[in-house]
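Residue numbers (the working numbering), protein chains in the order written: chain A, 169 to 439; chain B, 3 to 558; chain C, 410 to 608.
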Amino acid sequence: MILVLGGLWIGQNVNLLPVDASANAPIYDELFRVLFSIGTILFLGIVGLVVFSLIRFRRRSGELSDGLAIEGNLPLEIFWTAVPAVVVLFIGLFSYDIYERMGGMAPLDHAAMDHAAMDHASSNQGSGSEQRVWGGIGTPLLTASEQGTPVSPLPVEVTAMQFAFLFRYPKGDFISGELHVPVGQPVSLSMEAKDVIHAFWVPEFRLKQDVIPGQPTVLNFTPTRAGRYPIVCAELCGPYHGGMRSTVVVEEQDAFDNWFAQNNKITATDT
Amino acid sequence: MTATLPAQSEHPSPSLQPQGWLRYFSFSVDHKVIGLQYLVCGFAFYLIGGALAGAIRTELVSPLSDFMPREVYNQVLTLHGTVMIFLWIVPVVNGAFGNYLIPFYVGARDMAFPRLNAVAFWLIPPAGLLLISSYFITGAAQSGWTAYPPLSITTPASGQIIWILSVLLLGGSSIFGGINFIATILKLRRPGLKMMQLPMYCWAMLGTSILVVLSTPVLAGTLILLSFDIVAHTGFFNPGLGGNVVVYQHLFWFYSHPAVYIMVLPAFGLVSEILPVHCRKPLFGYATMVVSIMAIVVLGLVVWAHHMFTSGTPPWMRLFFTIATAFIAVPTGIKFFNWLATLWGGRISLNSAVLFSCGFIINFVLGGITGVALAQVPFDVHVHDTYFVVAHFHYIVYGGSVFVIFASIYHWYPKVTGRLLNESIGRLHFLLTFVGFNLCFAPQHWLGLNGMPRRVAEYDPQFAFINQLSSVGALLMAISTLPFLWNVIMSAFNGEIAGDNPWRALTPEWLTSSPPPVENWKGEAPLVTEPYGYGVPAEQLDLQAASGRDLWSNGR
Amino acid sequence: MTTLTPSETDLNLDHAGETHADHRMFGLATFLVADAMTFAGFFAAYLTFKAVNPLPAGAIYELELPLPILNTVLLLVSSFTFHRAGANLRRSMHQRCRLWLLISAALGFAFLVSQMVEYFTLPFGLTDNLYASTFYALTGFHGLHVTLGALMILIVWWQCRTPSGRITAQNHFPLEAAELYWHFVDGIWVILFVILYLL
Numbered sequence: 169m170i171l172v173l174g175g176l177w178i179g180q181n182v183n184l185l186p187v188d189a190s191a192n193a194p195i196y197d198e199l200f201r202v203l204f205s206i207g208t209i210l211f212l213g214i215v216g217l218v219v220f221s222l223i224r225f226r227r228r229s230g231e232l233s234d235g236l237a238i239e240g241n242l243p244l245e246i247f248w249t250a251v252p253a254v255v256v257l258f259i260g261l262f263s264y265d266i267y268e269r270m271g272g273m274a275p276l277d278h279a280a281m282d283h284a285a286m287d288h289a290s291s292n293q294g295s296g297s298e299q300r301v302w303g304g305i306g307t308p309l310l311t312a313s314e315q316g317t318p319v320s321p322l323p324v325e326v327t328a329m330q331f332a333f334l335f336r337y338p339k340g341d342f343i344s345g346e347l348h349v350p351v352g353q354p355v356s357l358s359m360e361a362k363d364v365i366h367a368f369w370v371p372e373f374r375l376k377q378d379v380i381p382g383q384p385t386v387l388n389f390t391p392t393r394a395g396r397y398p399i400v401c402a403e404l405c406g407p408y409h410g411g412m413r414s415t416v417v418v419e420e421q422d423a424f425d426n427w428f429a430q431n432n433k434i435t436a437t438d439t
Numbered sequence: 003m004t005a006t007l008p009a010q011s012e013h014p015s016p017s018l019q020p021q022g023w024l025r026y027f028s029f030s031v032d033h034k035v036i037g038l039q040y041l042v043c044g045f046a047f048y049l050i051g052g053a054l055a056g057a058i059r060t061e062l063v064s065p066l067s068d069f070m071p072r073e074v075y076n077q078v079l080t081l082h083g084t085v086m087i088f089l090w091i092v093p094v095v096n097g098a099f100g101n102y103l104i105p106f107y108v109g110a111r112d113m114a115f116p117r118l119n120a121v122a123f124w125l126i127p128p129a130g131l132l133l134i135s136s137y138f139i140t141g142a143a144q145s146g147w148t149a150y151p152p153l154s155i156t157t158p159a160s161g162q163i164i165w166i167l168s169v170l171l172l173g174g175s176s177i178f179g180g181i182n183f184i185a186t187i188l189k190l191r192r193p194g195l196k197m198m199q200l201p202m203y204c205w206a207m208l209g210t211s212i213l214v215v216l217s218t219p220v221l222a223g224t225l226i227l228l229s230f231d232i233v234a235h236t237g238f239f240n241p242g243l244g245g246n247v248v249v250y251q252h253l254f255w256f257y258s259h260p261a262v263y264i265m266v267l268p269a270f271g272l273v274s275e276i277l278p279v280h281c282r283k284p285l286f287g288y289a290t291m292v293v294s295i296m297a298i299v300v301l302g303l304v305v306w307a308h309h310m311f312t313s314g315t316p317p318w319m320r321l322f323f324t325i326a327t328a329f330i331a332v333p334t335g336i337k338f339f340n341w342l343a344t345l346w347g348g349r350i351s352l353n354s355a356v357l358f359s360c361g362f363i364i365n366f367v368l369g370g371i372t373g374v375a376l377a378q379v380p381f382d383v384h385v386h387d388t389y390f391v392v393a394h395f396h397y398i399v400y401g402g403s404v405f406v407i408f409a410s411i412y413h414w415y416p417k418v419t420g421r422l423l424n425e426s427i428g429r430l431h432f433l434l435t436f437v438g439f440n441l442c443f444a445p446q447h448w449l450g451l452n453g454m455p456r457r458v459a460e461y462d463p464q465f466a467f468i469n470q471l472s473s474v475g476a477l478l479m480a481i482s483t484l485p486f487l488w489n490v491i492m493s494a495f496n497g498e499i500a501g502d503n504p505w506r507a508l509t510p511e512w513l514t515s516s517p518p519p520v521e522n523w524k525g526e527a528p529l530v531t532e533p534y535g536y537g538v539p540a541e542q543l544d545l546q547a548a549s550g551r552d553l554w555s556n557g558r
Numbered sequence: 410m411t412t413l414t415p416s417e418t419d420l421n422l423d424h425a426g427e428t429h430a431d432h433r434m435f436g437l438a439t440f441l442v443a444d445a446m447t448f449a450g451f452f453a454a455y456l457t458f459k460a461v462n463p464l465p466a467g468a469i470y471e472l473e474l475p476l477p478i479l480n481t482v483l484l485l486v487s488s489f490t491f492h493r494a495g496a497n498l499r500r501s502m503h504q505r506c507r508l509w510l511l512i513s514a515a516l517g518f519a520f521l522v523s524q525m526v527e528y529f530t531l532p533f534g535l536t537d538n539l540y541a542s543t544f545y546a547l548t549g550f551h552g553l554h555v556t557l558g559a560l561m562i563l564i565v566w567w568q569c570r571t572p573s574g575r576i577t578a579q580n581h582f583p584l585e586a587a588e589l590y591w592h593f594v595d596g597i598w599v600i601l602f603v604i605l606y607l608l
């Protein structure tokens, strides 16, 4: 009993994660707390049993007798088969729910088609709408319906290479070394690498997706907290893998609009 | 068909094989010699792999890449992983203990194919030397032990090709061993010995060998294709030539996930042998242990893509592998509960073998818990390829398999050498190892959760203190090897004489001299129908009672 | 107790001077399972490429059927003739056995020649495209197995000679082993034929 309560308390109160900065991050953190609680309960329980056994059932000096000849106990064995099975099943179903709320089960082709639609005006390549998306995390359907009219996400094309990330904004036809996004608006990253496999990871967003040469992937998210957060490459890509970082700047809508306007090549006036 | 030639066991077999210590450097076909060759050779590679780890942890003391050039760091981390997996753990838990013990357990004089056994061992030193020397000659591979293309195709070719050759040889060694174990366990049992009377380690090795035979060849094929890409400029995994890098990952992990069970199942088996002896109680739940092993074998073959949750995998695939992976926790959990129940109510000797076994239980449970967490795709999306994963698998392979290897050395050293290891030094070894290991790897969970990726020489300075803590733990682990080595070497000359059966155990290897004769037993192999026949039945419980039931039947 | 010939003593005598049953066929069968898994990996790669990696425009990957069908026939017949060889050995009819062995080896080499002809007449090379590479990898790996098998048949043919050959009706393991291996290679070819040429 104490064990269970202790585990639940630890799960709720011990904070091991960085600040959450995207819509799916609190959802992730919910899952983390559950896993952490269950894990703590199980771990402390087993450590307790082991330590207790080593003390209580240790052989005293001079003692030569054996312990009890117990070879099995069917009710007990059924219990400790059924309970873990139920717990694991619960965790699995709960994780499925979490993943869906994070957007993980959203069909990936929608994300690609958004990009293709944005792109056809500015792009001169015909490969847009036929491009297969090989993996990724889409937009959870809730975001769209919550706001009444579906909000089309801000499209950004991410190119990863040894050893930098480049961000192209097709709506403005410009490339930036930093990822700027407005708070509260969904963003859709369409990613591909130029040379070897990289990965795009923002710890504060709790999202990661490999960026693969020849195989486009997507990553959709909605930032919720203004700030500057690191973008970390999370797939060994060569000697400078440790130094391959960038920054995602989440800013208020006005600040973002300013920045976008300053960089926009399509509407740029001659200076 | 047994044609026993009487009184000729004294007559040396007509062989030109060297005697004495030279045996261990020869092409011996004696399974006991081969087992020891695997153990000592493997331990030497453990020390090399450990030195590589020391280099890594030294680099990580500071957030800057300042200890060695970055390319060298990538070579070091590649070699560390490859050496530890293919030259230390897989050969030792399978080849060393398997070869030494299995013939005893099935009541045979040797393995089914003794010469194949020797071939399997002798593939290892050259393959290991080839791999290590690549560092000094052409530069070693730099793409991690996973060798993902295109990185493995774009880094210097010579190091990568040598790496591929070395792994192919080591995989071949493993497959030959697997064939030998399956044949020995299924076909060479002593007359009268049934499968469900075998010590649990036999079942563990049977399951492991099935995995070896089914999955290692797929790795061989994959590496052959990769080498074609490097040497012949084909495009299997080269996107520029129309290839698909995710297919490599699927093929690679189809072997490499079962590989972790190949490293861990034999350790499970060894713990099942050690605990009953020192707790003076039967192994709890024999039948369910067998079923659990087989469930792990089957499930282990269908969960590989949980290593690819952030890769080019569509949502339905990620979901499938989450569910499949979560299921493995159930049979694994059953085994742990069975061991706990074996401890419960026993008369536990708190010697080094037991301490390391209990350390194993504690460490592996933590590793298993983080494993169940990692199996959930939404959780893994954040921590994949971070130090959280590094922490997880070190709890499994070090906190798990290596702890069991140490426990097994303490348990069987008396049998192999005829002398006991020093217990006080053993306990010191345990303490240093347990504290050092947990100090090194526990903080790494936090590092991963908070943003430190793996395989990096430079990192965000906010992580410096925790990394330094971890490096101190690594230093402790390095220091802990010293009392162990001292103990092993000194006890070989000065250790207390052990006698045939210092632990009063019931399994067949203890029913002969220490060390055993070439033919394992003088006379017929004993028939042990109850290898775990310890313990006093409840109705006969008498506090003054002497040692346990002996259900050793002499052939009836 | 039968007199143990020197070769039997080498093979079956263990450290205590006891003999036990011959498990080498079981060991070989296990090895062939492992070998099959290597092919399985290649097949899996090929089928996955076919499913998700379309050929780029302009890439040529065309296969004709006549030669492969001939190859299939050659191998299937050679398995049959090898089986006949084994039957004859069991009846100690060495001359006939060796004749059937030679026929099997000849069929095996004919397969290899035919394969070479196919290679030279194919419109694509090893590095031309993904399907081409996989095709050559698969057929090449299989061809390697056929080469080894055919050489083994010749070695068995040599050892079946009377009077001084080591393979007899009592010691027929080498022939049995080579036969099992040959049937395995034949079986792999059938699967390869279906997957590469028919699908």
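Note that the Cβ used here is the ideal one computed from N, Cα and C, for glycine as well.
Review point. If we call anything under 9 Å between Cβ atoms a contact, is A191(A) one with F389(A)?
Key: The answer is yes: Cβ separation under 9 Å.
Exercise for review: Indicate whether at least one CB of chain B lies closer than 9 Å to the CB of V555(C).
Suggested key: no
Check your understanding: Rounded C-beta distance between G347(B) and I238(A)? I'm assuming under 8 Å.
Key -> Correct: roughly 7 Å between the Cβ atoms.
Point to revise | Pairwise C-alpha distance: K459(C) and N292(A) | key: Summary for N292(A): the model assigns pLDDT 41, below 50, so the residue's position carries little reliability, and this model does not support an answer.
Practice item. Give the residues from the segment 464–477 of chain C that approach chain B closer than 9 Å (Cβ to any Cβ), ordered along the chain. Key: L464, P465, A468
Point to revise | Residue-chain proximity (A586(C), chain B), Cβ-Cβ < 9 Å | key: no
Check your understanding: Starting from N353(B) and walking both ways along the beta strand (DSSP E), at which residues does that stretch end?
Key -> Per DSSP, N353(B) belongs to no beta strand (DSSP E) and is neither H nor E.
Practice item. Give the secondary structure of M169(A) by DSSP, where H, G and I count as helix, E and B as strand, and everything else as coil. Key: coil
Check your understanding: Of the residues G453(B), V437(B), S493(B), T483(B), which one's Cα is nearest the Cα of Y397(A)?
Key -> G453(B)
Practice item. Anything in chain B within Cβ reach of M273(A), meaning under 8 Å, just list it in chain order. Key: Close partners of M273(A) in chain B (Cβ separation under 8 Å): P317, L321.
Exercise for review: Taking C-beta pairs closer than 8 Å, name the residues in chain A that N452(B) reaches, listed in chain order.
Suggested key: L184, L185, P186, P371
Check your understanding: Whole-angstrom Cβ separation of H551(C) and R499(C), contact assumed at under 8 Å?
Key -> That belief does not hold up - the Cβ atoms of H551(C) and R499(C) are roughly 29 Å apart, past 8 Å.
Review point. Are the segment 30–49 of chain B and the segment 90–106 of chain B touching, with three or more C-beta to C-beta distances below 8 Å?
Key: yes
Check your understanding: If we cut at 9 Å on Cβ distances, does F286(B) have a partner in chain A?
Key -> yes
Check your understanding: Going by the beta-carbon positions, is the gap between Y26(B) and N101(B) smaller than 9 Å?
Key -> no
Review point. What residues in its chain sit with their C-beta under 7 Å from that of S229(B), if we drop five residues either side in the sequence?
Key: I163, I166
**Study point:** Terminal residues of the beta strand (DSSP E) in which F331(A) lies
**Key:** No beta strand (DSSP E) contains F331(A), which DSSP labels as neither H nor E.
Practice item. Return yes when the Cβ of L285(B) is within less than 9 Å of the Cβ of R227(A), no when it is not. Key: no
Practice item. Taking only the alpha-carbon atoms, compute the straight-line gap between Y107(B) and I232(B) and give it to the nearest angstrom. Key: 46 Å
Point to revise | Neighbourhood of A480(B) by C-beta distance below 7 Å, restricted to the same chain and skipping five residues each side | key: G52, G56
Exercise for review: Return the CA-CA distance between C401(A) and R413(A), expressed in angstroms with no decimal places.
Suggested key: 6 Å
Check your understanding: Helix, strand or coil for L510(C) per DSSP?
Key -> helix
Practice item. Could you pull the start and end residues of the beta strand (DSSP E) that M359(A) belongs to? Key: 355–361
Check your understanding: Straight-line CA distance for D387(B) to I499(B)?
Key -> 49 Å
Check your understanding: Going straight from the alpha carbon of T481(C) to that of D444(C), what length do you get?
Key -> 20 Å
Exercise for review: Have a look at G180(B), G302(B), S211(B), H431(B) and flag the residue whose alpha-carbon is nearest the alpha-carbon of F256(B).
Suggested key: When only C-alpha atoms are compared, the closest one is G302(B).
Check your understanding: Whose Cβ in chain B lies nearer than 9 Å to the Cβ of F200(A)?
Key -> A375, F381, H384, L451
Exercise for review: For T249(A), return the contacting residues in chain B, with the cut-off set at a CB-CB distance below 7 Å.
Suggested key: V332, I336
**Study point:** C442(B) - DSSP class collapsed to helix/strand/coil
**Key:** helix
Check your understanding: What's the gap between the Cα of Q21(B) and the Cα of S28(B)?
Key -> One C-alpha to the other measures close to 10 Å.
Check your understanding: Between the segment 173–196 of chain B and chain C, which residues of the former have a C-beta closer than 9 Å to a C-beta of the latter?
Key -> I177, F178, G180, I181, N182, I184, A185, T186, L188, K189, L190
Point to revise | Contact list for the segment 55–81 of chain B against chain A, Cβ threshold 7 Å | key: S67, R72, E73, N76
Review point. Is it true that the CB of F436(B) sits closer than 9 Å to the CB of G361(B)?
Key: yes
Practice item. Assess, as a yes-or-no matter, whether the segment 301–310 of chain A is touched by the segment 313–333 of chain B under the definition of 3 or more beta carbon pairs within less than 8 Å. Key: yes
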